[in-house]
Structures are given as structure tokens and as C-alpha cells.
Amino acid sequence: MIGPDNTEPYYGSKDRNEAWIAEAIWGHRLERQPFSALLLEFLGMAEGMFRQGRLLEATQPGDNPEYVANRCLQVRNLLFNNPRMEEILRNAQGSDEDGWSRWLPVMKEGASLGDRLAADFSYLRKRFDTFAELVSVVRLLRRITVDPGSERRWTTQFLYPIGPAALYEAILEKGDGFERTRRVFTRTGEVAYLMLTRASEPLRAKIRKRLSPSFDPNTSRNRLVLRLISSPEPDRGETKGGTYLPYKAHPAFDRMAEDVAAILNLNLPDQDAFQYLQPLLGLHIYLYGIETAFAWLGNQGLPPIVCEILARRSDLVRKAAVGSYLHNDGIGELAVRKFIDSTVLSDSDLKEILKDDALDDVAKTDYLAEHLVRTVSLKKRPDTTDPRKMIELFYAFARKLYRAGSADGLTGLATGCGLVSKRGTNRYRYAPTDDLLRALVLANVTTPIEESAFLRRLYHRYRISIGPAEAKGEVLSYQFDETDFKKNRDRFGQHLVGMGLARRESDACTYVVNPMETLA
Amino acid sequence: MSISQQDALVGAVALEFVLLKLKPQLEEDPDFRGAFHVLSGFSPEQLAGFIEASIKSGARAARIAIQFPEFEMRPFGVDQKFTTVDSSVNVRNRERNGYLTLTAEVEADAEASLADSDRTDASDLKDKSIAHIWVDFVANRVGINLLPEDRRKVEAMVKGLFDTGRCPTSKAGEFLTGVLENFRSEPLNRAAGKALPVIGLPLFEDCFSSLNESKMIQASQWATKFRSHYALECYLDKRGLSQEMLDPEALRKHLS
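Read top to bottom, the protein sequences are chains A and B. Going by my numbering, the residue at position 339 of the first sequence is 339; the numbering climbs one at a time, nothing skipped. Going by my numbering, the residue at position 73 of the second sequence is 73; the numbering climbs one at a time, nothing skipped.
See the structure below:
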């Protein structure tokens, strides 16, 4: 998986990056973002590609798939930059004319639509019979705000993706206009999209077929949003691109695509499948992250993921889950070091120059600094004239950069998807939430399956260990206790039964069931 | 297939526990007509250790009829009289003829069928009230005679360790063995500090050195020390106390 045959370099500009290290290992880029933004960014790119007729078209690492995302400024102003609407409706005391005549100037004054659209919302008078009707539609749509109460500014508030018009990119106000922000949509959702484009064709075809109806602009839900927009289609921003995923093939691509296809295959009404896709996207990018790091260290497959099903008091399962998380959290740093050793410092010319006694330290550090710019686009030269010190400083810099960027992003994904948590303790550990367990059942169960067989499937597919049979080979002997892991397995069964995802039969065997399967 | 020392030890302690638990019936009740007992949560290796210990204990286990599932015991080449191809439920329904019939809960459906049966769970062996069984058995095995005051201290240490809830049953026996072997030549608190790597903790000979004679007989004092030392296990993963990764370069410099 790690080798020149399976990768292609990034051809875009690296000017905005302090160095190209984690990006070369995991892609450009995995960074912390509000977890809900992952699905929205993913769907935004998918919708943009759908409009071009290129939904889930195969890509290569060297490609630059570009798309244009919606901005939907009128909808966003109406929903999130319109604080006086309810007050005006109340003060109008049932007078429709009074309502419109007071509200339209307020919007003209306060709305922010950039230079392409006028702050004139009078078109809404033709769309709605009364002002009160407009208010009720706005009220209704506000109820499906993603992360309500997050206190984000109006330009980074989003709607549940009920249609293509409800999908738009994150922006920030700048002067009279707007600029794109990569703090909310960090590209991680686009990385998820690229992962699916590298999956095998039959899986992509399945997903394409099931995902396309969600981008149909003529659904009743989407038309509800379109009623708030003056034009037949939402306004759009500039072309987006430049996201990079280094590998042509990776086990994570098909694994993710299989789960996404399985969820979409359930034929859930409207966009109900998205709530299950969200944790799975996060989980799969996290698995991709740790599997890639593990591969850079010369291993194959996923590293072990020992999970605690939340227990009242600390036991050896919790200890093993903490240990397992810390191990997987640490391999990223080791991968960065390995990358530097094998890609940057293994250069024979560099080695010769550093060994050359005829050159003084200043000449050596100059060469080394240039080499770092050439190989990893290092922007700021480490401040030293000692080549050994420069290498040390560079290692430390790379480590810090990784910790603040991709490592933090992966932690955000793992906690956001519900795989990792600090519940009941002060340390991160693998402790899957009920929502994630539900998504895993829906993605992996088609016919009732015995609990132990389901646990085996989780182990073989994601290397997740919950029961003693799977954990025995994965956990250090001084962290393994059969009884504690049996209790963990029992708690797992109880959780599933409680969620209606398992049935305990009279022979005392527990069968995991997919309650949505009947809809498929 | 042979079994490890740890599994043999767990099996042996489990036997001692069962014998102690059923002593009133087995030794003191002349009208004892037989009973049924289930072992749950034990690995096949530990069950093989249980059989091995019952053979060694001779007459003490004479009234125990072990009937573990044959398919689980097959790899260990145990005598057929200790195994059965019948289900656990069938074993339960057999005539007991004055014997204590023992089976192991390993079948998927055994748990519900045997739910009301008298049982010993593997986690019962970490009960603080049976620390004396561990101490007596391991001391006997190591071949060391503990004075009553030393026995109380070792027992308090085992209770303290169990109290932390972080040590697997199999490792508890191994740790205790290590401590008692060290105890031949060193004071107990140093002997315990030297055996810490057995339970996956950093070696620290002086870990318990602040425990004086009176504190060493208090389980809570040992537990506190174990807990504070468990907090340092992050260093084994090259992480600091707040779980941050330690800089490999800084570590190299520090250790060189």
C-alpha cells in the first residue's frame, strides 16, 4: 500500500502549508471540524459532482476534481440572519401589509448578500400568501438547523440536508462580500468523497444509484427551501478543488463504500439514511488514518481496537481500551518519523553532504534547509547552524504540526463518530456509543445473526474486539481477564437488546437483527 | 498441549475455593447425597489446571466428579473420566450418588439453563475475602513458611491489589509467586516492588517502602500505593501523566 506505485504526487500549490508531511501520508487534509460538517461537506461535494454528471466518477491521486458548491445566501439570511422576524409578526397584530412593510426594510438594511445579489426580499410576497406563512416556513426550517445552540455565526450555520438547496458551503463575511473558510469545512468531508471515488466500480455504482435521488431538486422538501430563493437554482460560489488523497488503492476505500452502500440500500425514506452515514463516515476516515499509519510502520491491516461497552466501574476492559486507544493515537507520530526518515533523510546526496568533512556546518545546514524545502515544502527554516540540531528541530516541528493537525483531526473524527469517549473517566478510550453501534448493525446485518458471529464480523472487518474470544489475542496478558471481557460482551448484548437491535431467544442465544431490513 | 504456570495456579486456587466453599457439605455432612456446581468464566487452560490440581490434591478432592466438556479439554489430553460429551444440562440431571458434580459453563446456551445452579465465577477468585487462599496456596507452592504476622501483611497486599480492579486473575497469582520468591531474601515491601513488572507496571523497588509494619497489614494502604503506581504506567507507553506523547529525542537525551 505504501509505495511509489500506489501514490501520485500533489500537483497543486503547497504555499498555504507550513510543510507537506501529514498531507503526504494521509492527504490534504484531515483536520478537526464540527463533526456535523463532515457529512455536509461530503454531500456538498457529491451534489456538486452530481450537477456535473460526475457523481462518484473514479479519481486518481494526481487528479484535481473540481466542483462548485451552493451558497444559498438568501436562505441563510432568512434563517440565521433575521432576528426580528418574529417580533415584527407579533407587532403587526395580524396585519399582513404591516408585517411585510416593516420587515422588508429591516432585511434591506441588515441582510448581507455580497455583490451578486440585492438585499431585496420582496419576491417573497409573491411566493407566500401572507407574512405569517413565510414566518411559519422559516420557523419550520429553523427547527432542522444542524447543531442548534452552537452559537456559530450565521454564515456557518447549516440545515439538515433535506435537498440540494439545503447544502451549501461554509463562508465568512469579508468586507462587503464573503470568503470561503476552511475552518468549518476543513476538506475532511471532501477526503471522504475521494475515498469513495477510489472504491471498486460496482460499489460506486450502487452508491451512485441510491444517492442520486437525494440530489433531486424537485422533491417536496427541496422545493420548500427553493421557495425562499429568488432564482430557480441556488446561488453558487467559486470553483473548489485541491483536495488530495495520496493512495490509488487502500483497503479503507472499499470498506467504507460497502458500509455506505449497505446503509443506502436500506431504502430509508427521504434523507433518513444520512443520520447513519454520518457516524460511519467518521469511523471509516478514522480507520483509514490509523491503518495508513500502521502501514507506514511496516504492518498490514488495521491495528487492534479494544472497545469497552460503558461499565459502571473501571475494570481491565477499560484499561485495555485506554491502552489500545493510546497505542493507535501514538502510531501516527511514529509514521511521521518514518516518513521523514524514509522520504526526506534517506537521500544519498544529503547523506554525503552531511558526512563531508570538507564542508562547514553553515554550508551543510544551508543544503539541508534547501533539501527540506524541496522534499516537504518546509516554509520556515529551523533557526540553527548545526545540521544535527536542524534535524532534531525539524523532527520536533513535524511532530508538533502533526499533533495540531491530522492527529487532532483524527481524534475529532473518533469522538464525533462515537468510537472514542471520555465518559466515566478522564482518559480517551474506545467506548462506542449506542448511535455508532446502531449504525454498525444497520451496515452489517441483513438477516438475524448470532451475537458471537456479529462480534466476529466486527473483529474481522474493523478489528474491533469486544468479547473475550476476540480480545484474547489482542490484549497484553496483564490486561486480559476473561471474566471482565465476558461482562463487556454481556453489556454489549444488553445494549443491543435495549435498542431493539437484538433478541434474546429461549435458548439463551442472542440474535442481532436489523429492524430496517424489512424496508429494503 | 501443556498449560502455563499461571493457568495452573488459577485452576488450583479455584479448586481450593470450591473445596472451601463446599466444605460443610463435603466434610461435615454425613448425609450429603451429592450436589451440582458450575464453574463459569474460566478459560479451557484454567479448567485443565483445575483438573491437574484435583489430581494432585488426592483424597481432598475424592468426592468431586469433574465433568467438563470434552471438546474444550481435548487439546490438553486430560483423562476421559474428567470429561463428557453430554451437555451441561444433561450433566446437571444425572444421579449424583454422593458426589459433587462439577461442570463448566462454556456452551452458548448453558448460561440460561444453569442460571439457578450453585456456581463459582472466575471473578470470585478476586474477592478480597479469599485472599488467604491465594496466600496459603502460593506460599505452599513456593515452599516458604510465612510467620503469622508476615502472612497478614501478604494477605493485605493481595487484598490491596484486588481492590484496584486492574489486575487479571492469572497475573495476581504470578505476581504473588514473584513476591514470595523475592521475599526469601528481601523485606516484603521491597519484594513486592521488584515483582511489579509481572503485572505490567514499571519496576520500582521502593514503591512500597513507605509502608511501615503497621501500615503493611492494612489493605487500603497497599491499594493506595498500587493505584498511585498504576498512574505511572503511562511512562511504559512513552507518555506523560496527561497522556501526551513524550518526545523521543528528549527521552533519548534523558536516558543517555
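Note that CB positions come from ideal geometry on N, CA and C, so glycine has one too.
Contacts that residue i makes with chain A (C-beta to C-beta distance below 9 Å)
| i | result |
| --- | --- |
| Pro30/B | Near Pro30/B there are no residues of chain A at all, since even the closest Cβ is about 36 Å away, more than 9 Å. |
| Ser43/B | Pro468, Lys472, Glu482 |
Neighbour list for residue i in chain A, Cβ cutoff strictly below 7 Å
| i | result |
| --- | --- |
| Met245/B | Gly330, Glu333 |
Per-residue DSSP class, three states only, for residue i
| i | result |
| --- | --- |
| Val420/A | strand |
| Leu172/A | strand |
| Ile466/A | coil |
| Pro69/B | strand |
| Gly177/A | strand |
| Ala311/A | coil |
| Leu159/A | strand |
| Arg388/A | helix |
| Leu350/A | helix |
| Ala407/A | helix |
| Tyr428/A | coil |
| Met245/B | strand |
| Glu190/A | helix |
| Val475/A | coil |
| Leu30/A | coil |
| Ala321/A | helix |
| Ile51/B | helix |
| Ile199/B | helix |
| Arg142/A | helix |
| Thr483/A | helix |
| Arg457/A | helix |
| Tyr235/B | helix |
| Leu297/A | coil |
| Tyr511/A | strand |
| Ser40/B | strand |
| Ala199/A | coil |
Closer than 8 Å at the beta carbon, the chain B residues around residue i
| i | result |
| --- | --- |
| Gln479/A | Pro168, Gly200 |
Residues that residue i contacts on chain B, provided the C-beta gap is smaller than 7 Å
| i | result |
| --- | --- |
| Tyr395/A | Glu249 |
| Lys486/A | Gly41 |
Residues that residue i contacts on chain B, provided the C-beta gap is smaller than 9 Å
| i | result |
| --- | --- |
| Glu392/A | Glu249 |
| Leu316/A | Gly165, Arg166, Cys167, Pro168 |
Within chain A, partners of residue i - CB distance below 8 Å
| i | result |
| --- | --- |
| Asp237/B | Gly323, Leu326, His327, Gly330 |
| Asp121/B | Thr483 |
| Lys171/B | Ser477, Tyr478 |
| Ser113/B | Ala508 |
Integer-rounded CB distance, given that residue j should sit under 8 Å from residue i
| i | j | result |
| --- | --- | --- |
| Tyr247/A | Pro61/A | 7 Å |
| Phe183/B | Ile144/B | 7 Å |
| Gly49/B | Asp7/B | 5 Å |
| Met245/B | Arg252/B | At roughly 14 Å, the Cβ-Cβ gap does not stay under 8 Å, so Met245/B and Arg252/B are not in contact. |
| Leu203/B | Leu196/B | 6 Å |
| Arg33/B | Arg96/B | 7 Å |
| Ala35/B | Leu47/B | In fact, because the Cβ distance is near 19 Å, the residues do not count as touching under 8 Å. |
| Pro279/A | Leu436/A | 5 Å |
| Phe137/B | Val13/B | 6 Å |
| Ala471/A | Phe485/A | 5 Å |
| Leu413/A | Tyr511/A | Rounded, the Cβ-Cβ distance is 31 Å, inconsistent with contact. |
| Within the region 49–128 of chain A, ranges of the beta strand (DSSP E) (whole runs, at least 3 residues) | Counting only runs of 3 or more, we get 67–70.
| task | Could you tell me which uninterrupted beta strand (DSSP E) segments, each at least 3 residues in length, are contained entirely in the region 72–121 of chain B, listed from first to last along the chain? | result | Correct list: 100–105, 118–121.
| Residue ranges of each beta strand (DSSP E) within the region 116–191 of chain B, 3 or longer | Runs of the beta strand (DSSP E) inside the region 116–191 of chain B: 118–121.
| message | Can you pull out the residues from the region 494–519 of chain A whose beta carbon lies closer than 7 Å to at least one beta carbon of chain B? | response | Taken in chain order, the members of the region 494–519 of chain A whose beta-carbon sits within less than 7 Å of a beta-carbon on chain B are Asp507, Ala508, Cys509.
| request: Could you tell me which uninterrupted alpha helix (DSSP H) segments, each at least 4 residues in length, are contained entirely in the region 209–257 of chain A, listed from first to last along the chain? | output: List check, alpha helix (DSSP H) in window: 220–226.
| task | Could you please tell me which residues of the region 289–319 of chain A, in chain order, have their CB closer than 8 Å to any CB of chain B? | result | Shown in chain order are the members of the region 289–319 of chain A whose Cβ falls below 8 Å from a Cβ of chain B: Arg313, Ser314, Asp315, Leu316, Lys319.
| task | Could you list the residues in the region 426–439 of chain A with a C-beta less than 7 Å from some C-beta on chain B, going in chain order? | result | Going along the region 426–439 of chain A in chain order, one finds Arg427 with a Cβ nearer than 7 Å to chain B.
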